[in-house]
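Have a look at the structure below, then the notes.
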Amino acid sequence: MMLSKKIRIGLNSLGDTSAPLFGQLTLWILIGVCIYISTEAHLGYQDYEKGTTVSLLGYVLPETFFDLPYTLVFFKGLFWVSIIVWGLLPFLGITGIWTMKVLTAVVPLMSVLSYTILVSIFWENLPWFRHKFVVPNWVLLYYAMWYFFCRHEISESIVNRNFWSNSDLYPRWVYLGSVFSIALLYNFGGVSKMLAAGLGWGEGLSLQLWVSMMGDPDFFLTDFILSDRVNAHFFQRGVTILQSLSLLAMIPNLRPVIGLGLIAFQSSVELTFGIPFRGNIILLAVFFLPWFGTIQALIAYIKKKAETH
Amino acid sequence: MFFGPKFKVQENEFKEGWLQTVRGRKQFQCLLVVVFLQISIPLVVQELYPFSAATMFAYSLDQVASYNVVAPNGKRLSRSSFGLQINNPHDPPVMTQGRYGYGRMSPSTIQQIGSNAPYGNIASRQDVFRQVQSRLLTMPHLPYVTVTQSVLGPLDNHHVGIMRRQTWKIMNPKTIQP
């Protein structure tokens, strides 16, 4: 087959669709993750002197906007209300088709916009970065785009009560866009290390120093890493390779392997250094591990067994 | 075995693929823009929320100093009161496009030297004296403090530990001035 035809078939497959069960389940999990991490946004460091601009909105909106104490509270409230309404949309069919069309178009966009503004306000008032807010933001954007572009089909299906069985509702690009967004951040993590320190980043000494300064003495990896630089070298080099190859998760057969590696990496970071990335761990499990296919295969197997008996 | 949801091929009534439809093209163009921004902006600016190059732990260390400050009565004092703390040992501020640092400025510290090796430079005796004495000027109740600088680094090819430790008695300039 000619390469151009292969590419065309590949690109066309982005528009393939499925029933929205996976999309809606993952959306609810994403909503839970976003609400959970948004509770951590605060203005506790506002008495520190203003530093630099660290958000795109920081260049668009005046600096005083980020200093106002009630903007964070307002956008947190707006985000929570809009995202909860978004999660409930499949059950709001009684509102009628026009209301539903407006809700499916506006509410998801309002959710992602209010989340972005809320976290931008938080970052503009922090004396460090909080990277765990980034991935949920991008996955949320892909899901908002899903609802926006498919608003007519989604609204009609909800109102006609065939939302869950309509196999034309969840496009492949939403799923792959989410996988891509998660993998890309980890890939950048590997690239950043290479750019800042070259191949020498993974030689083990700096990991031993970080663990020595911040490591939890009760966690077994702390002792293991400090006991010999060879162990630290193995972990540090392994992390760089794993992160730099994260985009290979776009290949379905490699996705679970990379997902498990990244989950192990994030869990180790939390248990060793006490830096939690639980939202990312949940999203890695949801989008990289084959739980949905396994459950569906199990249900099909049980149904088949029941029919034969 | 399939991993995520099972997708079925989308074709319209004319057997056209997704990209041949106006709606498909619109969605694809939008996707292209989003993906382009996701890839390109972090490469240029590194950290500009919601764009991020995930710079945590990006800067490696060869050695690092930690400090203990003790009052004349033997009580241990906060090192940040003397600007001797490490603000973010794993997440140093990045320098891109004329921007350096975070949304809010971290408390100043002797440890924050340069952007390429933010915490790897070990302050000299003179630097530590200058730093601590400048802070002691605002603490007239302390005639002096005892500062211990411990340099953490490689002991051999396998282990890290305290490479050297120096202790200085630093007088408060307020109490020694005539």
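Protein chains in written order, with numbering that gives the first Met the number 0: chain D, 0 to 308; chain L, 0 to 177. Even for Gly, the Cβ is constructed at its ideal location relative to N, Cα and C. From a predicted model like this one, the values you see are computed outputs, not experimental measurements.
Name the DSSP beta bridge partners of arginine 75 of chain L, please? L/Val69
The region 45-58 of chain D in contact with the region 39-56 of chain L per 3-pair CB rule at 8 Å: yes
Backbone CA spacing between serine 59 of chain L and aspartate 90 of chain L [nearest angstrom]: 11 Å
The alpha helix (DSSP H) enclosing tryptophan 290 of chain D, as first and last residue numbers: 290-307
So, is the C-beta of asparagine 11 of chain D closer than 9 Å to a C-beta in chain L? yes
How is the beta strand (DSSP E) around valine 150 of chain L delimited, first residue to last? 143-153
Cβ of valine 63 of chain L within 9 Å of Cβ of glycine 160 of chain L? no
Determine whether the Cβ of glycine 102 of chain L lies closer than 9 Å to any Cβ atom of chain D. yes
Using a C-beta to C-beta distance shorter than 9 Å, which residues of chain L count as neighbours of valine 53 of chain D? Glu46, Leu47, Tyr48, Arg98, Gly100, Tyr101 and Gly102
Using a Cβ cut-off of 9 Å, pull out every chain L residue sitting near tryptophan 97 of chain D, in sequence order please. Under the 9 Å cutoff, chain L gives no residues; its nearest Cβ is about 21 Å from tryptophan 97 of chain D.
Compare the C-beta of glycine 113 of chain L with all C-beta atoms of chain D and state if any pair is closer than 9 Å. Low local confidence applies: a pLDDT of 47 at glycine 113 of chain L is under 50, so the model's placement there is unreliable, and no value is given.
Contact under 9 Å by Cβ, arginine 150 of chain D with threonine 103 of chain D: yes
Could you check which residue in L/Trp167, L/Gln148, L/Thr95 and L/Gly97 has the C-alpha nearest to that of isoleucine 85 of chain L? L/Gln148
How many Å lie between phenylalanine 50 of chain L and valine 131 of chain L at the Cα? 39 Å
Endpoints, beta strand (DSSP E) assigned at glycine 160 of chain L: 159-170
Residues of chain D with CB under 8 Å from serine 51 of chain L, in chain order? Phe128, His130, Val133, Leu184 and Phe187
Just to confirm my understanding: we take arginine 134 of chain L, look at its own chain, exclude 5 residues before and 5 after, and list those with CB closer than 8 Å. What are they? Ser80, Phe81 and Gly82
First through last residue of the alpha helix (DSSP H) which encompasses histidine 151 of chain D: 150-158
Local conformation of methionine 104 of chain L per DSSP, three classes: coil
Cβ-based burial, methionine 99 of chain D [other Cβ within 10 Å; buried from 16]: buried
Since lysine 5 of chain L is in the alpha helix (DSSP H), which residue starts that stretch and which ends it? Unbroken run through lysine 5 of chain L: none, as it is neither H nor E.
Is the Cβ of alanine 195 of chain D closer than 9 Å to any Cβ of chain L? yes
In chain order, what residues of the same chain have a beta carbon less than 8 Å from the beta carbon of serine 114 of chain L, not counting five sequence neighbours either side? A caution first: serine 114 of chain L carries a pLDDT of 45, below 50, which makes its placement in the model too unreliable to give a value.
Roughly how many angstroms lie between the CA atoms of valine 21 of chain L and glutamine 28 of chain L, to the nearest whole one? 11 Å
Could you say if the region 72-87 of chain D and the region 24-39 of chain D meet the contact criterion of at least three C-beta pairs nearer than 8 Å? yes
Got a sec: is the Cβ-Cβ distance from arginine 22 of chain L to anything in chain D below 9 Å? yes
Taking Cβ to Cβ, would you say proline 71 of chain L is nearer than 9 Å to leucine 141 of chain L? yes
Quick one: measure Cβ to Cβ for aspartate 215 of chain D and threonine 221 of chain D, integer angstroms, because I've assumed they're closer than 8 Å. 6 Å
From asparagine 165 of chain D to serine 154 of chain D, what distance separates their C-alpha atoms? 12 Å
Applying a beta-carbon distance threshold of less than 7 Å, which residues of chain L neighbour leucine 208 of chain D? Leu60, Val63, Leu151 and Val159
In or out: serine 3 of chain D buried (at least 16 other Cβ within 10 Å) or exposed? exposed
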